[in-house]
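This report concerns only the one structure given below.
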Amino acid sequence: MILKPARLLLALIAIACAPAFAQTVATVNGKAIPSSRLDAMVKQVTTQGKQPDSPQLRDAVKKDLIAREVMVQEADKQGYSNKPEVKQALENTRQSIVINAMLADYVKKNPVKDAEVKAEYDKYKAAVGDKEYHARHILVATEKEATDIIAKLKGGAKFEELAKQSKDTGSAANGGDLDWASPGNFVKPFSDAMVALKDGQFTDKPVQSQFGYHVIKLEGSRAAKVPALDEIKGQIEQALTQKKIAAYRDELVKKAKVQ
């Protein structure tokens, strides 16, 4: 079929304008809502696993976008956009979005390498050690108090009962129990004294640390349970990524002229 010139012109205009119309979800009081905004909102919902992409979801998101546009236009009309606290909140949000976009790109260009993950894992294994210990302790302010407690223990007093007077309130109510842990979890004077004990033995002298004086009892020891690299690889990568970001931020701050 051959179109007449007038109809052909109208058809060409319609074809040329079709993409523009397709890019608009709706128009609210003369302001267009782009389809890209709808697509972004749908992607956010589906990525979070809340719902699959569907006509029903898109219709719900479209209605929400229209309602938001109506509300923001009304808020602008009432002057809320010019309020100092609103401007500050908008600026804070803008900064966060821009910074996060920059950092995401930085991480993409500077990913954590497998060798870095392995090195961090080896460091973690070394810190944990081959054994872990189940200890109890009583923390007091003075050496004399600790010496008196040791004397009572030697006289047959129960460690759990004496632990009620411990300054470490977190463990005092539980008989001074510190549960299973590696020596690296404790300050050095404490860990050194703990690993020197035999199972069931308590320190015969007060152990001083920056927290006060400890009386330590070792309930038992066992081979350390260190998770395999594959089990905690994601956690290590995340921690190293945060370190990279912190170092990048510190480097930028150091270069900046701050008055």
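In case it helps, mature numbering (1 follows the signal peptide of the UniProt record, and there is no 0) puts the sequence shown at residues -22 to -1, 1 to 237.
Glycine included, C-beta positions come from ideal geometry on N, C-alpha and C.
Computed from a predicted structure; not experimentally measured.
#1: Between the Cα of T181 and the Cα atoms of E121, K195, A38 and S187, which residue gives the shortest distance?
#2: Using a Cβ-Cβ cut-off of 8 Å (strictly less than) and excluding sequence neighbours within five positions of S32, which residues of its own chain qualify?
#3: Pop quiz: A124 and V193 are said to be a contact at Cβ under 8 Å. What is the actual Cβ separation, rounded to whole angstroms?
#4: Which term fits V39, buried or exposed, when burial requires 16 or more other beta carbons within 10 angstroms of its beta carbon?
#5: Measure the alpha-carbon distance for I128 versus K203 and round it to whole angstroms.
#6: For a test of the three-state rule: what should DSSP assign to G134, helix, strand or coil?
#7: Taking DSSP's pairing of strands, which residues face K9 in a bridge?
#8: My assumption, with CB atoms under 8 Å, is that S187 sits in contact with P167. Please give the rounded CB distance.
#9: Which residues does DSSP pair with Y111 in a beta bridge?
#10: Name the DSSP beta bridge partners of Y191, please?
#11: Taking only runs that begin and end inside the segment 9 to 51, name each unbroken alpha helix (DSSP H) of 4 or more residues, in chain order.
#12: Report buried or exposed for I214, applying the criterion of at least 16 other Cβ atoms within 10 angstroms of its Cβ.
#13: Alpha carbon to alpha carbon, what distance is there between Q179 and I208?
#14: Report the partner residues of F180 according to the DSSP bridge assignment.
#15: Can you tell me whether F(-2) is helix, strand or coil according to DSSP?
#16: Just verifying my parser: in three-state terms, what is the DSSP assignment at G148?
#17: Where does the unbroken alpha helix (DSSP H) through A79 begin, and where does it stop?
#18: By alpha-carbon positions, which one of D17, K109 and P184 ends up nearest to K122?
#19: Is the Cβ-Cβ distance between A113 and L156 less than 7 Å?
#20: Ordered along the chain, which non-local residues of its own chain (more than five positions away) have a Cβ less than 6 Å from that of residue 241?
#21: Taking the alpha helix (DSSP H) that S169 falls in, what are its first and last residues?
The structure says:
#1: The residue given as residue 181 occupies position 203 in the sequence shown. Among E121, K195, A38 and S187, the Cα nearest to that of T181 is on K195.
#2: Position 54 of the sequence shown, counted from the first residue, corresponds to residue 32. Contacts found: none.
#3: Mapped onto the sequence shown, residue 124 falls at position 146. Mapped onto the sequence shown, residue 193 falls at position 215. Yes, they are in contact, since the Cβ atoms of A124 and V193 sit about 5 Å apart, within 8 Å.
#4: In the sequence shown, counting from the first residue as 1, residue 39 sits at position 61. Per the 10 Å Cβ criterion, buried.
#5: Counting from one through the sequence shown, the residue named residue 128 turns up at place 150. Counting from one through the sequence shown, the residue named residue 203 turns up at place 225. Taking the straight line from one Cα to the other gives about 32 Å.
#6: The sequence position of residue 134 within the sequence shown is 156, counting from 1. In this structure, G134 counts as coil in the three-state DSSP scheme.
#7: Position 31 of the sequence shown holds residue 9. DSSP lists V6 as partners of K9.
#8: Position 209 of the sequence shown, counting from 1, holds the residue named residue 187. Position 189 of the sequence shown, counting from 1, holds the residue named residue 167. The pair is a contact, with the Cβ atoms about 5 Å apart (cut-off 8 Å).
#9: Here residue 111 refers to the residue found at position 133 of the sequence shown. DSSP, once it has assigned bridges, lists A159 and S199 as partnering Y111.
#10: Taking the first residue of the sequence shown as position 1, residue 191 is located at position 213. Paired residue(s): V118 and Q186.
#11: 13 to 25
#12: Along the sequence shown, one-based indexing puts residue 214 at 236. Its Cβ being crowded by 16 or more others within 10 Å, I214 is buried.
#13: Position 230 of the sequence shown, counted from the first residue, corresponds to residue 208. Position 201 of the sequence shown, counted from the first residue, corresponds to residue 179. The sequence given here has Asp at residue 208, not Ile. The alpha-carbon atoms of D208 and Q179 are separated by roughly 37 Å.
#14: What you label residue 180 is simply residue 202 of the sequence shown in a count that begins at 1. Partner(s): K195.
#15: As a first step, residue -2 is located in the sequence shown; it is residue number 21 there, counting from the start. Residue confidence for F(-2) is low, a pLDDT of 45 falling below 50, so the modelled location carries little weight; the figure read from the coordinates is stated next. F(-2) falls in the helix class under three-state DSSP.
#16: By 1-based counting over the sequence shown, the position of residue 148 is 170. G148 falls in the helix class under three-state DSSP.
#17: Residue mapping note: residue 79 aligns to position 101 of the sequence shown, counting from 1. It spans P62 to K87 - the alpha helix (DSSP H) in which A79 sits, taken as one unbroken run.
#18: Working through the sequence shown from its first residue, we reach residue 122 at position 144. It is P184.
#19: As a working mapping, residue 113 is identified with position 135 in the sequence shown. As a working mapping, residue 156 is identified with position 178 in the sequence shown. It is a contact, given that the beta carbons lie within the stated cut-off.
#20: Residue numbering for the chain in the displayed model covers -22 to 237; residue 241 lies beyond these limits and cannot be assessed.
#21: By one-based count along the sequence shown, residue 169 stands at place 191. K166 to V173 is the extent of the alpha helix (DSSP H) around S169.
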